[in-house]
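*Asks:*
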Amino acid sequence: MNNDLIAVGKVTGHFGVQGWVKVFSYTQPMENITAYRDWIVGGQLIKGIKAKKHGKTVVAYFKGVDNREKAHGLIGQEIAISKDQLAQLPEDEFYWHQLVGLVVVDISGETLGRVDSLFETGANDVMVVKHDDGEHLVPFVMDDVIKNIDLAKQLIQVEWHEAE
0 MNNDLIAVGK VTGHFGVQGW VKVFSYTQPM ENITAYRDWI VGGQLIKGIK AKKHGKTVVA
60 YFKGVDNREK AHGLIGQEIA ISKDQLAQLP EDEFYWHQLV GLVVVDISGE TLGRVDSLFE
120 TGANDVMVVK HDDGEHLVPF VMDDVIKNID LAKQLIQVEW HEAE
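Mapping of the sequence shown onto numbering that gives the first Met the number 0: position 27 corresponds to residue 26, and the numbering continues sequentially without gaps.
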């Protein structure tokens, strides 16, 4: 995927007979995907998306896709947006895509690896930090574990020691 794009969801199925489709949203909360009006679906820019939360899912309508047959080709396609559509966050908040690839060091300066991904556990988010010998799962708890994030230096400083 283009570095100027970020995946925000995926078309998962038909919704009705008038071309609407079901969408699995990667955004938190899931209905945040509906705020974006220009989506890139299957590599094509689609403007003026109509999307809304419907029960426990999100549904969307693409202009000109007005029946199930036309919508069928969209199923399975990833949905992306241009990063410039993302809202500006406060100084101490970050999008996960900004953290992936950053080097993680402990407070003594020892390199633990690079952020490969993040995931939710319910209690707190967790960073998957990959290194030559495997990976560390580091709790993403600001101030307690995460001491500093410097996007300019591509560095995250943590106070964390893996349980023996």
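Glycine residues also receive a C-beta, built at the ideal position from the N, C-alpha and C atoms.
Note that this is a predicted model, so its numbers are computed, not measured.
What's the call for A79, buried or exposed, on a 16-neighbour Cβ count within 10 Å?
*Replies:* Label assigned to A79: buried.
*Asks:* Alpha carbons only, please: which of Q27, V137, G54 and E158 is nearest the one belonging to Y167?
*Replies:* Any answer about residue 167 is impossible in this case: the structure gives the chain only from 0 up to 163.
*Asks:* Which first and last residues belong to the beta strand (DSSP E) in which R113 is found?
*Replies:* Here the beta strand (DSSP E) through R113 covers T110 to E119.
*Asks:* Which same chain residues end up closer than 7 Å to F14 when comparing Cβ atoms and leaving out the 5 residues on each side of it in sequence?
*Replies:* Hits under 7 Å: V20, K21 and V58.
*Asks:* Can you find a heavy atom of the ligand HEM that lies under 7 Å from the Cβ of E68?
*Replies:* The ligand HEM is not among the ligands present in this structure, which contains no ligands whatsoever.
*Asks:* By the three-class DSSP mapping on this structure, what secondary structure does Q156 have?
*Replies:* Strand, per DSSP.
*Asks:* Please check the pair V104 and Q156, which I expect to be a contact at CB under 8 Å, by giving their CB distance rounded to whole angstroms.
*Replies:* Confirmed, Cβ separation roughly 6 Å.
*Asks:* Quick check on the DSSP output: the beta strand (DSSP E) that includes W38 runs from which residue to which?
*Replies:* Start and end: W38 to V40.
*Asks:* Figure out for me which residue from Q87, R113 and Q153 has the closest Cα to the Cα of M126.
*Replies:* Measuring from the Cα of M126, the nearest candidate turns out to be R113.
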